[in-house]
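Residue numbers (the working numbering), protein chains in the order written: chain P, 1 to 717; chain R, 1001 to 1717. The beta carbon of each residue, even a glycine, is placed where N, CA and C say it ideally should be. The structure appears right after this line, and notes come after that.
Protein chains: 2
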Amino acid sequence: MKTLTWDHSTYYIDRKPAFLVSGEFHYFRVPKADWERRLILFKKAGGNCVATYVPWILHEPKEGDFHFGDIPERDLEGFLSLCASLDMFVIARPGPYQYSELRYDGLPPWLCDNYPELRARNIAGEPFRISSISYLHPLFLEKTKRWFDAVCPRIAKHMRSKDGAVAMVQIDNELMGIHEWFGGWDYNPETMGFGREDGRYPQFLKKRYGTIAPLNAAYNTSFAAFADVRPTTGPKTASDARRVKDYDEFYFTTIAEYSSTLAGWMRGYGIDCTICHNSGNPNMNAYFRETVAALGNKEFILGSDHYYNLNLEWAQNNPTPQYAANMFMSLEMLRSMGFPPSVLELPAGSLSDWPPITGKDLSACYMTNCAFGMKGINYYIFTGGKNPAGTGVTGEIYDYGAPVSANGEVRPSYKALQRFGSFLKRNAWMAGSRRVSDVNIGLQWQLPRGKYSFNRVKEIGYSDSEAWEFTIKGALLSSQYASLSPNFADLSSDELLTTLTTPLIVPSSVSMSADIQKRLVSFVSQGGSILLAPVVPYLDEKLNACTILRDYIGSPVIEPITVQSPIVTVGGVNTVFMNGGLFKCVKRPDHAEPIASEETTKSEIGWSREMQGGGTVIWLGMHWKNATKEHAAMMRYLVRELGGRKPVVWCDNQNLLTSLRVKDNKAMLFVMNLFSAPAQATVTVDIGNGKHKRMRFSLGSMEVKTRKFTLAIKAGK
Amino acid sequence: MKTLTWDHSTYYIDRKPAFLVSGEFHYFRVPKADWERRLILFKKAGGNCVATYVPWILHEPKEGDFHFGDIPERDLEGFLSLCASLDMFVIARPGPYQYSELRYDGLPPWLCDNYPELRARNIAGEPFRISSISYLHPLFLEKTKRWFDAVCPRIAKHMRSKDGAVAMVQIDNELMGIHEWFGGWDYNPETMGFGREDGRYPQFLKKRYGTIAPLNAAYNTSFAAFADVRPTTGPKTASDARRVKDYDEFYFTTIAEYSSTLAGWMRGYGIDCTICHNSGNPNMNAYFRETVAALGNKEFILGSDHYYNLNLEWAQNNPTPQYAANMFMSLEMLRSMGFPPSVLELPAGSLSDWPPITGKDLSACYMTNCAFGMKGINYYIFTGGKNPAGTGVTGEIYDYGAPVSANGEVRPSYKALQRFGSFLKRNAWMAGSRRVSDVNIGLQWQLPRGKYSFNRVKEIGYSDSEAWEFTIKGALLSSQYASLSPNFADLSSDELLTTLTTPLIVPSSVSMSADIQKRLVSFVSQGGSILLAPVVPYLDEKLNACTILRDYIGSPVIEPITVQSPIVTVGGVNTVFMNGGLFKCVKRPDHAEPIASEETTKSEIGWSREMQGGGTVIWLGMHWKNATKEHAAMMRYLVRELGGRKPVVWCDNQNLLTSLRVKDNKAMLFVMNLFSAPAQATVTVDIGNGKHKRMRFSLGSMEVKTRKFTLAIKAGK
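If you want it as structure tokens, here you go:
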């Protein structure tokens, strides 16, 4: 059987770059007699791996009463052996949570029904829904350990290292989802240890503050000891916001602890393959910083789930450009963390029949994710079947509109998987490819994490959540609309300093860690150029004064503007439509030149400064959401002013997305029409050595086309 | 020149049924030299009318300093005369508000800048944005009167009755938008008269309660006099909810008073044509009940604005089935009010360039609105131009991506208007058509109006807002998905009693007016059958006990169920996916048979009762959002149980919408594919006399197709 390995950007099968193409395939739902035929169907669609939950609810129906292999639905090992015999890798997902539309999210009813003390609780102490458990509750860990004692050795027997099929094992499922979606963070007092000096929360605070005095100074409180401290919500002051932010971060460390505990147990049973986890959606990726720090990126992979529609409450019926922007952001986050970007649940159907999931939309979704860097895939679900008695919550049958139906029929959407699988196989070199960019957008992990802390504290100023919205809806969408090719650059990594020749857009709130501020100063000092928008940070991430960056760029004084109908001019671009916040500079740094103004209030809202011996700094006091051609023109102007090269991919139809992926001298251009009307475009690509390639495209609605060609020179890193 | 008349369902041109096809055409933006060419372009696209704002900001630039006709941009009368000479009707919109991306929403800056006391205020007394004015403020009325003194006589000269072009005059624009979108209702104390015995609010309350004692009983307060009463927000109790609801209704009466005042002034100047107004969006239609009561439906028309995307903050990029459902609801509301349903702003472009408005999407949007009953149209905008100096907020040019660009070029989207115009002309008989239905959904005006009052008061129970969500996302979408043809039936009108043979779905909160309860009792007593869901009302609209309907159906006792993963069975349909609230019946009426249950809690959640000498009553304790095929099967089961006929239009592709419009023996079938993948379908239509017509359809993405045919018998009313 083949080997599966990976590094920071690429999966390898038998040491050759390859896409990991997995499909969700539940041995407990698919009739055993049909396992082999359906597995072969998946192989024919390009699959090389299957993923399956291993439901606790099914294998320990009564407490302490474990069953494996007694009935076909519980024949986990039979399934793993069959996969090995078919040369298919397996991703095993033994929980403890599964979700998967199983009763109690896959936890045994006896656990939830008999131990109500396990339930996660909100800050008022009220329990969440019955199956939302407090992960680190000692009793839950005890019960989980017993489940792992039963299931993990069975999985361990089937490791790839022992010629088995299992190449990855997943800890839990969409961690934090059962909390955040049903009430917020968990404040279970037993788990968090409120009131106990040796409790988790007091210990976390002690580690952070040393003694109680600095905590009280930070929180504006008068607690006598760490054991007395309680969290708060709905902050109205900076002091409160610090307290909330500390709890956010504490909560994330409990997730890291829980993950490490599960992973440690798994290792103990001889599970020696990659351990993985799936973030519930792109916006949750950032919640896993602590977990990735704890588990590393060598033997652990974090992936994300990339659905576009699961029911009529979703914003869009299909994979729109707004979806594409969020998935690109997600894939870039995973890449920045040092993983080959993996979509551990990529839709192949939907729980709902309506709005429908069509093969056409699926194809557009797959090609778009691929264009933006997806290297590992797990279709959810490839095929379903009958729910074992008492386990399903959506009826007798779990069909999910999958490419192969619950009763085994091949649906038209199977063709979408087949076409994509064949594309990936023909272009396996792309598994080692990277996306060419001509502008970078600074990724600040704190921004998508700030929604509960200082989001709404007006006294602090422009918030993390606002800056995050601006990152996606302004900076990213407008650069794409300008036919630029933006990548994200992690501001917390020194790799940033290897990208000095690419202009860097830095969306920022008023808070930015000292570490990042220093790195940005280094970046500019060494010749890099940045656009800082819409504010200049004056606080660090703990909301204490920190003006390293501000001092360096010449101590500008920035204030918000309130004006009903602003008239904004930026550089040569007249009347940029404003639909976000505006800020004016009341004291411009020496040597800076004004470049932008708001006419009705006669405000200066942007300036540019060449730093002596360094690059250019542009500050622009605008938070906008992409809307008009002027936003694109403004982006092109700004990037040009930052010394950027001409766009590497020039598309004359601004509604289309493009992505150029290269490796050595191979190149693949993706052109994406994610709207519902057909479109034409001429695309010109800089292929190096001063040469260009010009291509015509004609695209139907929701269609992605590709063109493969050869570069004039070998592409750099 | 031709005549324009109308009745409750139809526009007539020269007394023949015809669609009113207007296009927004701003004489102050389009260069005068190009007026005629562009007007002729619009006629060629099927237009018979143009609409234009008459901006106060432009014609009274300094207070008291009126200008008309001095410069081409202000040549209103020249424009009106030209339209008459081209045989084009005109809808004149003199405000006072225009919006239209004009500075201060079209109000003169001197007015907003110099009279800050005019601004609308929130309940805390804080002013809204600068151009959000308190409509009935005496000073605003005084200034508006002076503006009307100047502009209205000029418009009156061009009445159709005097052989001029003006066939309609609009009062104000999207009333309440400048309040609700920027803070909520207006609580300006001067306007509302808080604290003054003769103030509007005290007088409203006095009229409603007579003496202060019943008010105090209702509100659980101890005010000494009506003058002392102040409104409240964020109700937590039924008493508070009554107080909020009274203010909602009071606010709506101020809108009626303001509208009547403007309309009265207009009549005084000799404006003798139809007066109209455009509700800002479908959900606001219900806010105009008081205004329609005041102005009637003989000389006044209420229309609505039906945009699908104006910027990336909109839920969808294109006219999806969710859009279609809301527009259908809107058109049905207008029909129920006794108007020929008119879309006074139908998109022909967008303020934003992105997401793009494509010709293909526009065609789908137009045909869908037509399928669901639109009789009058005003494209927003047909063509734009340069903003007069100092009036625009989106730059020098107001282009709006219109079919004819600001500089006069014909864009590809023009073809969408042309095709639709030609369709309407070829099928002018449809202007007098009605939609055939096989099930009715009860329209309760209070439901979309309840979002500020008892929406969140848990003690009261299932709220108006919840029932409204269920109306659209459950009852309507699931009936459409079941290939039924639902219409709305106004529960507050005795016309309901003429529809006894059509099953009636009655979504209800716990509150329903005594009037409606009585009418429903009459409906069933006379043989009509109803589905009541998900609760049985026990309060009237003032939240006082009222059990007329409940007593009649046998006094069931209903309670909410809390269950994490319900397993629901309805009639023959197993395991209906539940994604909303559930209610159980703890005491079933005598003679009622259970028809639905929730398995995990062993609850009875539905029953059916044949009323002696009357029709059938089914109660079903479910609030669902359409999602699965089981929802459709359940709807078909329920309608069958209510004695419904077979679906009049049977479409074998559940993702497609259909609408059958008939007049005499003419029929037009619309089949709508509002998703992004192509679709096929076979549609069978009952054409009367036991005959059926079978048709095959093949549709592209976002495509609407029609088939015209003849019925075997003349269709009834």
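Option nearest L1118/R by Cα separation, candidates A1124/R, W1110/R, F1140/R: F1140/R
Boundaries (first-last residue) of the beta strand (DSSP E) holding S1422/R: Unbroken run through S1422/R is the alpha helix (DSSP H), 1414–1426; no beta strand (DSSP E).
Limits of the unbroken alpha helix (DSSP H) element including V524/P: 514–525
Cβ separation of V1568/R and W1619/R, assumed to be a contact under 8 Å, to the nearest whole Å: Not really, about 14 Å apart at Cβ, beyond 8 Å.
Near-chain R residues of the stretch 667–698 of chain P (beta-carbon distance less than 7 Å), N- to C-terminal order: F675, S676, A677
Cβ of P1116/R within 7 Å of any chain P Cβ: no
Which residues DSSP lists as bridging H1059/R, in chain order: DSSP output for H1059/R lists no bridge partner at all.
Which residues DSSP lists as bridging L699/P, in chain order: A679/P
Separation of V166/P from F89/P, as counted between CA atoms: 6 Å
Residue environment, L407/P, which counts as buried when at least 16 other CB atoms sit within 10 Å: For the sequence presented, residue 407/P should be read as Asn rather than Leu. It is exposed - the Cβ of N407/P has fewer than 16 other Cβ atoms within 10 Å.
Any chain P beta carbon closer than 7 Å to Y1452/R: no
is_contact[D1399/R, chain P] using C-beta, thresh 7 Å: no
Short CB-CB distance (under 7 Å) between D186/P and chain R: no
Inter-residue Cα distance where the pair is I1561/R and I1397/R: 57 Å
Contact with chain P by M1088/R, beta-carbon distance below 7 Å: no
Cα-Cα separation, A1514/R to Y1538/R: 10 Å
CB contact below 7 Å: R1129/R versus chain P: yes
Option in P556/P, Q446/P, S433/P, V393/P with minimal Cα separation from P109/P: V393/P
Interface flag, D1788/R vs chain P, CB-CB below 7 Å: Residue coverage of chain R in this structure runs from 1001 to 1717, which leaves residue 1788/R outside it and unanswerable.
Residue from R1200/R, W1354/R, G1376/R, R1636/R whose Cα sits closest to the Cα of L1346/R: G1376/R
Given 8 Å, three or more beta-carbon pairs between the stretch 1663–1682 of chain R and the stretch 1695–1702 of chain R: yes
Proximal residues of chain P, C-beta to C-beta of Q1526/R below 7 Å: Going along chain P, no residue has its Cβ under 7 Å from Q1526/R, so there is no contact; the nearest lies around 36 Å.
C-alpha distance - F1028/R paired with H1277/R, whole-angstrom precision: 21 Å
Candidates S1485/R, G1193/R, L1660/R, of which the one nearest A1715/R by Cα: L1660/R
Beta-bridge partners of F1488/R, as assigned by DSSP: I1441/R
Host beta strand (DSSP E) of G1606/R (start-end): 1603–1610
Nearest residue (CA-CA) to G1268/R, options P1566/R, C1152/R, V1573/R, Y1097/R: C1152/R
F1382/R versus I1155/R: straight-line alpha-carbon distance, rounded: 22 Å
Near-chain R residues of the stretch 392–422 of chain P (beta-carbon distance less than 8 Å), N- to C-terminal order: V393, T394, G395, E396
Neighbour-count burial assignment, Q526/P, 16 or more Cβ in a 10 Å radius: exposed
Host beta strand (DSSP E) of I1595/R (start-end): 1592–1598
Proximity below 7 Å, CB of L711/P to CB of G688/P: yes
Alpha carbon of I57/P to alpha carbon of S508/P, nearest angstrom: 46 Å
P153/P, enclosing alpha helix (DSSP H) - first and last residue: 138–156
Neighbourhood of F79/P by C-beta, 6 Å cutoff - its chain only, sequence neighbours within 5 removed: Y27
V1229/R vs L1205/R beta-carbon contact at 7 Å: yes
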